[in-house]
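Contents: one structure, followed by commentary.
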Amino acid sequence: MPIEEFGRAMLRGMGWEEGMGVGRNRRQVEAIEYVRRPERLGLGAQPVKLAEDTSKTVRPIAEDEMFKVLKSGKRKHKSWKRMITKVTFVGHGFTRKPPKYERFIRPTGLRMTKAHVTHPELKATFCLEIIGVKKNPNGQMYSQLGVVTKGTILEVNVSELGLVTPGGKVVWGKYAQVTNNPENDGCVNAVLLV
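Quick note: the sequence shown uses UniProt numbering, first residue 1, plus one each step.
Okay, structure coming up:
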């Protein structure tokens with residue numbers, strides 16, 4: 001028996017006939033289509049629609065303005081360390097590297113964990129926990145470092161708002177865009193992207 005006929009022969013041995021369905025009650029079975037989700041998106045999540053005008057309204061920040069060079073070593077000749085001068089977000093379980101190996105220093109006074117998020121339809125502002133920095137308009141490196149500047153897209157925890165998907169599941173996180181300069185105001189103000 002040729003190898004390509006093996007499956008058909010096995011089914012025939014179990015009572016299957018040509019043209020007969022293989023599902024329950026001998027009905028035809030529809031194949032389930034696999035829908036690949038974008039990276040790190042949960043079930044029922046829609047990809048974020050970034051505000052188109054971000055690049056026009058937000059002025060690019062120079063590296064000299066974002067970082068302060070720290071000199072180290074006995075004679076202060078090593079200058080590879082940088083201190084971030086803007087507001088940053090670090091995760092809940094964040095621990096610093098040993099100072100000897102830390103290239104980017106995020107001062108604790110400039111770390112923020114909550115944002116004042118305005119819901120555009122409800123016209124109400126909520127103090128919500130920040131989950132992460134999705135995209136900083138100044139570049140990928142600033143997004144990875146968790147730098148929060150005007151125009152940055154944040155992921156915020158909206159579970160306490162009670163938002164529900166059409167399927168009946170509670171929405172855990174949504175995206176919000178920062179509308180102020182947090183380093184000047186001392187707080188993060190954002191608008192929920194609906």
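Ideal Cβ positions, reconstructed from N, Cα and C, are used throughout, including at glycine.
{"query": "The stretch 59–75 / the stretch 110–127 touching (three or more Cβ pairs under 8 Å)", "result": "no"}
{"query": "Straight-line gap, HIS119 to LEU192 (C-alpha atoms, nearest Å)", "result": "5 Å"}
{"query": "Boundaries (first-last residue) of the alpha helix (DSSP H) holding GLU63", "result": "63–66"}
{"query": "Unbroken beta strand (DSSP E) run spanning TYR175, endpoints", "result": "173–178"}
{"query": "Boundaries (first-last residue) of the beta strand (DSSP E) holding PHE6", "result": "No beta strand (DSSP E) contains PHE6, which is instead part of the alpha helix (DSSP H) from 6–13."}
{"query": "THR113 versus GLU4 - alpha carbon distance", "result": "60 Å"}
{"query": "Length at least 3, wholly inside the stretch 65–132: the beta strand (DSSP E) runs in chain order", "result": "67–72, 78–84 and 114–119"}
{"query": "Cβ distance (whole Å) where PRO107 is taken to contact MET83 below 8 Å", "result": "7 Å"}
{"query": "DSSP state of LEU161 mapped onto helix, strand, coil", "result": "helix"}
{"query": "Secondary structure of GLU17, DSSP reduced to three states", "result": "coil"}
{"query": "Distance, ASN184 Cα to GLY151 Cα", "result": "15 Å"}
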